[in-house]
Amino acid sequence: MTTHRYKTILLFGAPGSGKGTQGKILGTIPGFFHSSTGDIFRSLDLQSVTGRTVWEYVSKGKLVPDELTISIWKQYLQGMELINQFHPETEIIVLDGLPRSVHQAKLLGDTIDVIKVIHLVADQAKMVERLRRRALKENRVDDASDEVIARRFEVYQKETKPVLESYAADKVVRIDAAQSQIRVLSEIIKVLVPLKESLDIYREKAYDAEEEAELAAAAVTG
Ligand code: B4P
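Per the numbering used here: the sequence shown = residues 15 to 236.
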């Protein structure tokens, strides 16, 4: 695993705000790597102790405990790097659903370098309606009942929303998530294009400087 902190964009918002929807699309753009804790949790084997523990929380609309969440996510990312699916030197992580508590944000402080927070905002009734519709299509345990959905919103207000205060106000961009998917996407893209271009220039310069230093060192020793 690289020793640098990963350049990261957070997709932030309440359940049903469209983090996963947008994250999946952004992850198909060269130079971006999408990572969703919700997806990682849903892919765990229910026969395993970890898989069953996670299911216990998710199915009740609760947050999976912080240390367990971070440990599963780090293992996942390490695996992706090892199998060459994630390239930290050239890619930006689009982090969807993490951190979901102030403690998680602290635990991630030495691992990720948050360059922007995309805050997807819509009214709760709209998001609940989407989750109910998704429940019919995807059969997700966390959308299974109005009670579980309501608990997820409570958890969001109490534990997740305060995370926004962990980041400088100029890093947070608020986007109206009640708009069509393509319009939400286009607003996110407008934010990401200049960020990605300036990061590429910075990384190229750093690479050239490193090469020059290596050549100079070789000239001295050789
Ligand atoms: P997630 O998988 O992150 O689920 P989510 O918050 O419900 O969904 P999201 O906002 O991504 O909505 P989506 O795009 O799918 O988390 C699931 C659970 O895992 C959590 O409740 C928690 O228990 C656990 N968990 C995850 N991360 C954790 C962490 N860090 N710590 C502890 N526990 C954690 O959109 C929803 C629906 O709306 C879709 O059907 C989509 O098609 C539709 N939609 C989206 N955008 C739309 C638009 N603009 N217009 C119309 N429909 C739209």
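For glycine and all other residues, C-beta sits at the position ideal for the given N, C-alpha and C.
Apart from the five residues on each side of it in sequence, which residues of its chain come closer than 6 Å, Cβ to Cβ, to Ala119?
Pro113, Val177, Ser180
Under 8 Å between C-beta atoms of Ile106 and Ile23 = yes
### Query
Hey, quick one: how far does the beta strand (DSSP E) through Tyr181 stretch, first residue to last?
Neither: Tyr181 is in no beta strand (DSSP E) and is coded neither H nor E.
Do Leu25 and Asp110 have their C-beta atoms closer together than 8 Å?
yes
Inter-residue Cα distance where the pair is Val234 and Glu218: 24 Å
Report the partner residues of Phe26 according to the DSSP bridge assignment.
-> His133
Quick one: is Arg7 buried, meaning 16 or more other Cβ sit within 10 Å of its Cβ, or exposed?
Any answer about residue 7 is impossible in this case: the structure gives the chain only from 15 up to 236.
Residue of Ala227, Ser73, Lys21 minimising C-alpha distance to Leu122: Lys21
Q. In chain order, which continuous runs of the beta strand (DSSP E) of length 3 or greater are located wholly inside the stretch 46 to 71?
A. 46 to 50
Do Leu134 and Ile189 have their C-beta atoms within less than 8 Å of each other?
yes
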